[in-house]
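The block underneath contains the structure these notes are about, expressed in structure tokens.
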Amino acid sequence: MRVSLVRLPPTVHGAGDHGFVPMIINMAKEKGAAVYIGDGANRWPAVHRDDAAELFCLATEHAEAGTILHAIQEGGIPFRQIAETIGAGLSLPVKA
Numbered sequence: 004m005r006v007s008l009v010r011l012p013p014t015v016h017g018a019g020d021h022g023f024v025p026m027i028i029n030m031a032k033e034k035g036a037a038v039y040i041g042d043g044a045n046r047w048p049a050v051h052r053d054d055a056a057e058l059f060c061l062a063t064e065h066a067e068a069g070t071i072l073h074a075i076q077e078g079g080i081p082f083r084q085i086a087e088t089i090g091a092g093l094s095l096p097v098k099a
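Our numbering puts the first residue of the sequence shown at 4, with every later residue one more than the last.
Below, the structure is given as structure tokens:
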């Protein structure tokens, strides 16, 4: 039996989400501003669910036993950038 491990980041996203980012968007709508904490430099890693699914398939088909795979390509997006994108999309101010 071959066993490998796929580690997912805190957010796996895609169309129709009801998770973290939609929650932040709804909070911005309710409060009238997109917000971030401190200087907003904290990074938030994520992966699209289609990419995560592809990685699981590749792991099943090709990974050697004991392989550990990480389903992220980058170190994450600064949360300030997430807030700025939400603010721009909703035409709301962005605040620390």
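Even for Gly, the Cβ is constructed at its ideal location relative to N, Cα and C.
Listed in chain order, the non-local C-beta contacts of residue 32 below 7 Å within the same chain comprise 93, local neighbours out to five positions each way being set aside.
The distance from the Cβ of residue 52 to that of residue 15 is about 5 Å, consistent with a contact at the 8 Å cut-off.
In terms of Cβ geometry, residue 7 and residue 74 do not form a close pair [threshold 8 Å].
In the DSSP assignment, residue 37 is bridged to 97.
Under the DSSP assignment, residue 10 falls outside any alpha helix (DSSP H), being part of the beta strand (DSSP E) whose first and last residues are 8 to 10. Residues of the same chain with a CB within less than 8 Å of the CB of residue 79, apart from the 5 flanking positions on each side, are 12, 46, 47, 48 and 49 in chain order. Residue 72 and residue 56 have their C-alpha atoms some 12 Å from each other. Look at the region 4 to 90 and you find these whole runs of beta strand (DSSP E), each 3 residues long or longer: 8 to 10, 14 to 16, 49 to 51 and 71 to 73. No Cβ-Cβ contact shorter than 8 Å links residue 44 with residue 96.
Taking a contact as a CB-CB distance under 8 Å, the pair residue 99 and residue 41 counts as one, their CB atoms being some 7 Å apart.
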